[in-house]
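Numbering (the working numbering), first residue to last: 347 to 515.
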């Protein structure tokens, strides 16, 4: 027992604490964001859930089409602000739909989407970027949809946003 405890103590004290994943590593690494993107899984779940293809009420969608040159000229703080604001718009819409009575399957899929959006928001809001915080500038009027597929594609575009170069939809 003492040897096992000593071994555990040695492992814990020698663990490379600075090697933990940091938010900036997630944001700047597109393959990692792609691996954590659950949209393809959710699209397959969408086929199995009756009544989820069309949502009971419209969800407000943030803008995802960006002007490439203006995106490249934005600071990381501006990009983060725009993405956080857009994800919050989407999160509020999905929350309002998930609160309505639906099938257990639909509720489960919507809750997983909410968790994924929430996780991405946590990562973005905990980024330590040099420079002052900047308010987001939403460049278009958000639209609404009752299509779950459109909601998922919007989330996919936001979660795969390229921070180092331009992206458009």
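Don't be surprised by glycine CBs; every beta carbon is placed ideally from N, CA and C.
These figures come from a predicted structure and were not determined experimentally.
What's the call for residue i, buried or exposed, on a 16-neighbour Cβ count within 10 Å?
| i | result |
| --- | --- |
| residue 397 | exposed |
| residue 500 | buried |
| residue 503 | buried |
| residue 352 | Note that residue 352 scores a pLDDT of 43, beneath 50, so its modelled location is shaky; the value from the coordinates is reported in the next line. Exposed. |
| residue 421 | exposed |
| residue 419 | exposed |
| residue 445 | exposed |
| residue 464 | exposed |
| residue 432 | buried |
| residue 461 | exposed |
| residue 507 | buried |
Just list the residues that DSSP pairs residue i with in beta bridges.
| i | result |
| --- | --- |
| residue 400 | 493 |
| residue 405 | 491 |
Tell me the DSSP secondary structure of residue i in three-state form.
| i | result |
| --- | --- |
| residue 358 | Legend: pLDDT at residue 358 = 43, less than 50; position of this residue unreliable, value from coordinates given subsequently. Note: residue 358 maps to helix in three-state DSSP. |
| residue 458 | helix |
| residue 446 | coil |
| residue 411 | coil |
| residue 452 | helix |
| residue 425 | helix |
| residue 384 | coil |
| residue 394 | helix |
| residue 498 | helix |
| residue 431 | helix |
Cβ of residue i within 8 Å of Cβ of residue j?
| i | j | result |
| --- | --- | --- |
| residue 436 | residue 402 | no |
| residue 395 | residue 451 | yes |
| residue 516 | residue 489 | Absent from the structure is residue 516, since the part of the chain shown begins at 347 and ends at 515. |
| residue 434 | residue 473 | no |
Among the residues of its own chain, which have a CB less than 8 Å from the CB of residue i, if the five just before and after it don't count?
| i | result |
| --- | --- |
| residue 498 | 385, 388, 389, 392 and 459 |
| residue 442 | 403 and 405 |
| residue 448 | 397, 398, 402 and 456 |
| residue 453 | 444 |
Go through its chain and collect everything with a Cβ distance to residue i's Cβ below 7 Å, but skip five positions before and after it.
| i | result |
| --- | --- |
| residue 471 | 430 |
| residue 494 | 392, 398, 399 and 401 |
| residue 456 | 440, 443 and 444 |
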